[in-house]
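The sequence shown begins at 263 in our numbering and counts up by one.
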Amino acid sequence: MQYTIPHYYKKFSCTAGACPDTCCAGWQIQIDDTTLRKYRKMKGPLGARLLNEIDWKEKCFRRYNGRCAFLNEENLCDLYLEGGESRAFCRTCRMYPRHVEEFEGLREISLSLSCPEAARIILNLEEPVRFLHGENPRRRETYRDFDYLLFTKLMDARAVIFHILQNRKQPLPLRMFLLLALSHDLQQRIDRGRLFETDALLEKYDSRRAWNWFSKKLFQLMNSRTEKESSQIRQRILSDIFAILESLEPLRDGWKLFLRECKKLLLSEAAAREDGASAFRRHFTDEMTEQLMAYFLFTYFCGAVYSENADGKMRFSFVCTLLIRQLSLARYLENPGNFSRDTAVETAWRFAREIEHSDPNKYELERALGNERRFPLEDLLCLLPVS
263 MQYTIPHYYK
273 KFSCTAGACP
283 DTCCAGWQIQ
293 IDDTTLRKYR
303 KMKGPLGARL
313 LNEIDWKEKC
323 FRRYNGRCAF
333 LNEENLCDLY
343 LEGGESRAFC
353 RTCRMYPRHV
363 EEFEGLREIS
373 LSLSCPEAAR
383 IILNLEEPVR
393 FLHGENPRRR
403 ETYRDFDYLL
413 FTKLMDARAV
423 IFHILQNRKQ
433 PLPLRMFLLL
443 ALSHDLQQRI
453 DRGRLFETDA
463 LLEKYDSRRA
473 WNWFSKKLFQ
483 LMNSRTEKES
493 SQIRQRILSD
503 IFAILESLEP
513 LRDGWKLFLR
523 ECKKLLLSEA
533 AAREDGASAF
543 RRHFTDEMTE
553 QLMAYFLFTY
563 FCGAVYSENA
573 DGKMRFSFVC
583 TLLIRQLSLA
593 RYLENPGNFS
603 RDTAVETAWR
613 FAREIEHSDP
623 NKYELERALG
633 NERRFPLEDL
643 LCLLPVS
């Protein structure tokens with residue numbers, strides 16, 4: 263078995279009671295079968311409480327007002343305090359905020375952006391993220407019907423994607439344009455069953471010629487629209503995306519109100535003007551946008567081996583990244599003097615909790631963004647930072 267982690271993975275240490283939020287509220291905490299059997303056998307007052315506070319049919323802890331039954335008033339876990347610390351945890355609680363993507367013979371482990379401390383680490387990272395690899399030769403497995411050829415091409419594509427994304431000699435909008443175009447062209451090869459063309463495609467994108475061609479294309483595109491037309495497209499795209507977000511299941515109180523307030527601010531004329539302002543970009547840098555995009559791509563892109571939808575994973579990553587930036591811009595517009603990088607970090611983990619911790623929300627957003635008539639590639643570019 264091989265393992266891959268981002269190089270900042272081991273920097274994480276739970277801040278416990280100093281955390282500005284709790285990981286024990288806002289979503290169901292599923293309990294693995296092995297831990298369920300252990301909980302059934304526990305005796306004494308804690309065993310009796312477990313018996314009452316677990317939904318045995320749904321295999322999860324009961325919740326009260328959205329909070330886990332074992333989360334006390336100090337936002338600490340009674341199961342941890344009374345049950346022998348982390349030994350009493352189920353797999354979900356033991357692993358979080360570590361997130362695992364499973365492939366045949368490979369586990370890719372990341373830190374979840376929904377954790378405030380993990381979000382702080384990711385967004386404060388100055389250098390491009392690197393990935394570390396390890397192996398446990400004693401552990402082997404075989405997945406039935408796993409498309410190893412597709413997976414290999416997705417891994418190759420992601421390597422080129424990171425090479426493009428992290429080329430800081432090029433402007434961020436150009437890098438993002440190349441990524442959207444690459445995933446679109448890759449998807450055509452997947453849909454047509456022409457994976458043998460992938461190597462040539464990746465070689466084309468990973469070349470100086472591609473940078474030159476797409477630079478001219480982006481310049482032509484941006485200059486083919488008046489400032490008013492670009493603003494109108496941006497507002498339409500944002501309105502459509504917010505309509506999707508508002509249709510999703512909210513996991514935390516106040517989330518939909520927050521979205522409505524942000525939408526109002528972002529559809530104002532001031533939003534487009536301040537998007538490129540140096541004051542905002544000092545707090546929300548291009549490097550932060552790059553780190554967010556890297557996070558989403560590492561976590562989700564190769565999952566296209568199961569859905570055969572590489573372009574959907576790219577669009578999801580792109581829009582989530584730019585949405586976090588846009589929501590941060592709304593908070594800046596609301597109170598410029600009180601905005602800081604910490605505000606952007608908070609916005610990131612709040613967003614991630616609503617999207618990443620609900621499979622229906624995650625899948626619906628990806629599905630909706632796949633509508634190319636509603637979200638043409640060229641129009642999505644209007645979400646990028648104004649130069």
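Cβ atoms here follow ideal geometry from the backbone N, Cα and C, with glycine treated the same way. Being a predicted model, the structure only gives us computed values, none of them experimental.
From Q497, V607, D548, residue whose alpha carbon lies closest to that of K525: For this step, residue 525 is matched to residue 263 along the sequence shown. Of the listed residues, the one whose Cα sits closest to K525 is Q497.
Closest Cα partner of P282 within the set R612, F274, L434: As a position in the sequence shown, residue 282 is number 20, starting the count at 1. Comparing Cα-Cα distances from P282 to each of R612, F274, L434, the minimum goes to R612.
Where the beta strand (DSSP E) containing H361 begins and where it ends: By one-based count along the sequence shown, residue 361 stands at place 99. From DSSP, the beta strand (DSSP E) with H361 extends over 360-365.
Straight-line Cα distance separating D468 from A462: By 1-based counting over the sequence shown, the position of residue 462 is 200. By 1-based counting over the sequence shown, the position of residue 468 is 206. About 10 Å.
Beta strand (DSSP E) runs wholly inside the region 375-422, at least 3 long, in chain order: 393-397
Closest by C-alpha distance to Q449, when choosing among R587, G632, F637: Here the question's residue 449 lines up with position 187 in the sequence shown. When only C-alpha atoms are compared, the closest one is G632.
G574 burial status per 10 Å Cβ neighbour count (16 or more: buried): Taking the first residue of the sequence shown as position 1, residue 574 is located at position 312. Buried is the call here.
Reference I586; option with closest CA among M555, E596, G599: As a first step, residue 586 is located in the sequence shown; it is residue number 324 there, counting from the start. Out of M555, E596, G599, M555 has the C-alpha closest to the C-alpha of I586.
Span of the alpha helix (DSSP H) around I291: In the sequence shown, counting from the first residue as 1, residue 291 sits at position 29. Unbroken run through I291: none, as it is neither H nor E.
Beta-bridge pairing of Q264 - partner residues as DSSP gives them: Counting from 1 along the sequence shown, the entry for residue 264 is found at position 2. Partner(s): L368, E397.
Bounding residues of the alpha helix (DSSP H) (the contiguous stretch that carries T605): Here residue 605 corresponds to residue number 343 of the sequence shown, with the count starting at 1. First-last of the alpha helix (DSSP H) with T605: 603-617.
Distance between beta carbons of Y301 and I291, contact taken as under 8 Å: In the sequence shown, residue 291 corresponds to position 29, counting from 1. In the sequence shown, residue 301 corresponds to position 39, counting from 1. No, I291 and Y301 are not in contact; Cβ-Cβ is about 13 Å, not under 8 Å.
Extent of the continuous alpha helix (DSSP H) to which L527 belongs: Residue 527 sits at position 265 when you count from the first residue of the sequence shown. First-last of the alpha helix (DSSP H) with L527: 517-528.
Candidates F580, R544, R593, R454, of which the one nearest F560 by Cα: Stepping through the sequence shown from its first residue, residue 560 is reached at position 298. Nearest of F580, R544, R593, R454 to F560, Cα basis: F580.
Runs of alpha helix (DSSP H) lying entirely within the region 529-589, each at least 4 residues, in chain order: 531-537, 540-545, 548-562, 566-569
Simplified DSSP state of R329, which is helix, strand or coil: For the purposes of this step, residue 329 is taken as the residue at position 67 of the sequence shown. Looking at R329 - three-state DSSP - the assignment turns out to be strand.
Element boundaries [alpha helix (DSSP H), containing H446]: For the purposes of this step, residue 446 is taken as the residue at position 184 of the sequence shown. Counting along the chain, the alpha helix (DSSP H) containing H446 begins and ends at 434-453.
Distance, E531 Cα to E370 Cα: For the purposes of this step, residue 370 is taken as residue 108 along the sequence shown, with counting starting at 1. For the purposes of this step, residue 531 is taken as residue 269 along the sequence shown, with counting starting at 1. Approximately 42 Å between the Cα atoms of the pair.
Reduced DSSP category for C322 - H, G, I as helix; E, B as strand; rest coil: On the sequence shown, residue 322 is found 60 positions in, with the first residue counted as 1. Strand at C322.
Distance between beta carbons of L442 and L627, contact taken as under 8 Å: Reading the sequence shown from its first residue, position 365 is the one you call residue 627. Reading the sequence shown from its first residue, position 180 is the one you call residue 442. Going by Cβ atoms, the distance from L627 to L442 rounds to 16 Å, so no, they are not a contact pair.
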